[in-house]
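Worksheet: the structure to be examined is printed underneath.
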Amino acid sequence: MLRPLRAEAAMDAAAAGPRFGLIRVGGCTLGIDVAAVREVIHCPEVLAPLPGAAAELRGAIDVRGSIVPVLDPAPLLGLTAVQPGPQRVILLLRLGAAERPLLLGLLLDGVGSIVAPARLHQLEPAEPGRAGLLTHAFVLDADAGGLVAVLEPAALARLPGVPLVAETGQAALAAQAGPREPCLLFEVGGHGLAIAAALVETTVPQAQILSSELRGGLCLGVIHHHGQEIPVVDSLQLLGLGHSPATALSDVLVLRLGAGRLALVLDLVRDIRHLAMQALLPLPPLGLRRPALFAGLLPPEQGAAPVLLLLSAALQAEPGLLALAGLSHAIPAARGHRRAEAAAPAEIAGQGPQTSYLTYRLDTELGTPLTQVREIMRLPPQRGAAASDAPGMLGLLLHRGQALPLVCLRTVLGQARPSADHADAMVLVVDDEEGGAVGWVVDGLTGIEPARWQREAPAGADPRDLSLQALVEVGGGEQRRTLPVLELRRLSRACSAR
891 MLRPLRAEAA
901 MDAAAAGPRF
911 GLIRVGGCTL
921 GIDVAAVREV
931 IHCPEVLAPL
941 PGAAAELRGA
951 IDVRGSIVPV
961 LDPAPLLGLT
971 AVQPGPQRVI
981 LLLRLGAAER
991 PLLLGLLLDG
1001 VGSIVAPARL
1011 HQLEPAEPGR
1021 AGLLTHAFVL
1031 DADAGGLVAV
1041 LEPAALARLP
1051 GVPLVAETGQ
1061 AALAAQAGPR
1071 EPCLLFEVGG
1081 HGLAIAAALV
1091 ETTVPQAQIL
1101 SSELRGGLCL
1111 GVIHHHGQEI
1121 PVVDSLQLLG
1131 LGHSPATALS
1141 DVLVLRLGAG
1151 RLALVLDLVR
1161 DIRHLAMQAL
1171 LPLPPLGLRR
1181 PALFAGLLPP
1191 EQGAAPVLLL
1201 LSAALQAEPG
1211 LLALAGLSHA
1221 IPAARGHRRA
1231 EAAAPAEIAG
1241 QGPQTSYLTY
1251 RLDTELGTPL
1261 TQVREIMRLP
1271 PQRGAAASDA
1281 PGMLGLLLHR
1291 GQALPLVCLR
1301 TVLGQARPSA
1311 DHADAMVLVV
1321 DDEEGGAVGW
1331 VVDGLTGIEP
1341 ARWQREAPAG
1351 ADPRDLSLQA
1361 LVEVGGGEQR
1371 RTLPVLELRR
1381 LSRACSAR
């Protein structure tokens, strides 16, 4: 237990400006300095065993190449241990010197909002064994839970028998200055793969693979897409990872190679992410049949399989792929069909490189330039309480070392039924001009599609008024449609200025 607060030890916190994240441990709400928090991640059902003298050590988790020990702080504080369940999260702490940070995970019942208390009060421990774990306390509004004690991260690092690990792998390398490249992450045959978004023209769900004289070897047949006949390649066989099962329908990824197009079969698209090239780990030549096609390995994240990044230059120089891509061609317009359909790709090609759009659903389908979206992820079930009453604010998420505000795009645009109510809700992470980011929550994704035609928006148009936005035409044939273009960076700026 703790002795009462010492009034004479109260500090003016507003002058120093500390901010604390609210965490839930054993039915109690505590605060922890956000400067020590790297991110919040979902806790897997089973943690990897990790020998350690501390009874509170629950195991370890692999976080993007760093094996992080996980500690349950509840027994240390005389609270009920965190119980298994889907609500559990792991708070990843970055401790020690900035030039060599150490990592420790805290097993929690959940996280809350980020607060900046006006005053801090020093606490004196009544039990020497827990000295320094709870150092201060502050008072919230009565409606928000009353008194909150502050858990000291450095004291956790000093506990006997608790191992700490140096930050390594993708997260540490990504923190260094260097180029980032937008990449599409996908899965095929149980393998996690990534490819530079610059090569991707579009994704086609459940494309019908047609028989063709090209069929044989790598080629599984062809698809007809937007007036083009495009050869389809067995991704697993190409990369030396096995063979894809024969199927008449498959999701495919259409790539631009040389002067033509080529489709790779895949199982699902996982994410779009700007990857730091320094984060790549080298691949042992003996581990792959065709190592020259890979740029490196992205370490596993939150229990997921490692991701192999394809080397764009190698794909673009592969003679067999270039030969197949060169055989893609326009399908002659059938009698009675509009000839404008077949002419559209050539008209766009004359304007330079095509812009790809991420398309998604609200009350209507919308498109945003793919270059504006840094990352895509599912809406997490665990998120902090809203830090403001701004329209659409769903809460804060500690993500990749920063506080990410989650904003419902439907609400901002004046539409009913918040996107958070949808089972397929996704978050589009968009960088703002102040060095931060905004997570725009949408109902679900449609795909990635190249523009066939675009009309610019009138100058000075309100980014919240869909009737005044630019228009873009995507798709072809029966799938051709015209969508409003939502400039999410402009929308972030407009909402910040309100």
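Positions in the sequence shown are counted from 1; adding 890 to them yields the working numbering.
The beta-carbon is built from N, C-alpha and C at its ideal position, and this holds for glycine as well.
Helix, strand or coil: how does DSSP classify residue 1298 here?
In the structure shown, residue 1298 sits in a strand (DSSP, three-state: E or B).
With DSSP collapsed to three states, give me the class of residue 972.
In the displayed model, residue 972 falls within coil according to three-state DSSP, outside both helix and strand.
Going by alpha carbons, who is nearest to residue 1091 out of 1369, 1368, 1341 and 1348?
1341
Select from 1087, 998, 1220 and 1023 the residue whose C-alpha is nearest the C-alpha of residue 1112.
1220
For residue 1359, count the other beta carbons within 10 Å of its own beta carbon; 16 or more makes it buried, fewer makes it exposed. Which is it?
buried
Using 8 Å as the threshold, is the C-beta distance between residue 1125 and residue 1155 below it?
yes
Taking the alpha carbon of residue 1074 as the reference point, which residue from 1286, 991 and 1088 has its own alpha carbon closest?
1088
Do residue 1205 and residue 1196 count as a contact pair if the criterion is CB distance below 8 Å?
no
Measure the C-alpha to C-alpha separation of residue 1078 and residue 1097 and round it to an integer number of angstroms.
Cα to Cα, the separation comes out at about 15 Å.
Can the beta-carbon of residue 1114 be found less than 8 Å from the beta-carbon of residue 1144?
no
Can you say whether residue 1200 is buried or exposed, counting buried as having 16 or more other CB atoms within 10 angstroms of its CB?
Its Cβ being crowded by 16 or more others within 10 Å, residue 1200 is buried.
Work out the CA separation of residue 1000 and residue 1374 for me, nearest whole Å.
38 Å
If you follow the alpha helix (DSSP H) that residue 1213 is part of, which residue opens it and which one closes it?
1209-1216
Compute the Euclidean distance between the alpha carbons of residue 1086 and residue 968, then round it to the nearest angstrom.
50 Å
Is it true that the stretch 1006-1015 meets the stretch 968-983, where meeting means three or more beta-carbon pairs spaced less than 8 Å apart?
no
Whose C-beta lies closer than 7 Å to the C-beta of residue 1289 among residues of the same chain, with five residues either side of it excluded?
929
Which complete beta strand (DSSP E) runs does the stretch 1131-1203 hold, if anything under 3 residues is left out?
List check, beta strand (DSSP E) in window: 1139-1147, 1150-1156, 1158-1166, 1184-1188 and 1197-1200.
Quick one: what's residue 1390 bridged to in DSSP?
The structure shown has nothing for residue 1390, since the chain only spans 891 to 1388.
Specify, as a first and last residue, the run of the beta strand (DSSP E) that residue 1345 falls within.
1343-1345
If I follow the unbroken beta strand (DSSP E) through residue 959, where does it start and stop?
956-961
Count the CB pairs spanning the stretch 1294-1303 and the stretch 1319-1335 that are closer than 8 Å, and state whether there are at least three.
yes
Rounded to whole angstroms, what's the CA-CA distance from residue 1163 to residue 927? Just pull it up for me.
22 Å
How would you write the range of the beta strand (DSSP E) that residue 1096 sits in, first residue to last?
1090-1098
Which two residues bound the contiguous beta strand (DSSP E) that contains residue 1027?
Taken as a continuous stretch (DSSP letters only), the beta strand (DSSP E) holding residue 1027 covers 1024-1029.
So which of 1248, 987 and 1284 has the shortest CA-CA distance to residue 1261?
1248
Mind reading off the beta-carbon distance from residue 1298 to residue 1287? Whole number of angstroms is fine, and I expect it under 8 Å.
About 13 Å separates the two Cβ atoms, so there is no contact after all.
Compute the Euclidean distance between the alpha carbons of residue 1056 and residue 1328, then round it to the nearest angstrom.
One C-alpha to the other measures close to 30 Å.
Residues in the same chain with beta-carbon distance under 6 Å from residue 1384, minus the five sequence neighbours each way, listed in chain order, please.
These residues qualify, in order along the chain: 1353.
Terminal residues of the continuous alpha helix (DSSP H) containing residue 918?
From DSSP, residue 918 is part of no alpha helix (DSSP H) but of the beta strand (DSSP E) over 918-923.
Return yes when the Cβ of residue 966 is within less than 8 Å of the Cβ of residue 948, no when it is not.
no
What does the alpha-carbon distance come out to for the pair residue 908 and residue 922?
10 Å
Compute the Euclidean distance between the alpha carbons of residue 1153 and residue 934, then round it to the nearest angstrom.
C-alpha of residue 1153 to C-alpha of residue 934: approximately 35 Å in a straight line.
Do residue 1214 and residue 1123 have their C-beta atoms closer together than 8 Å?
The beta carbons of residue 1214 and residue 1123 sit closer together than 8 Å.
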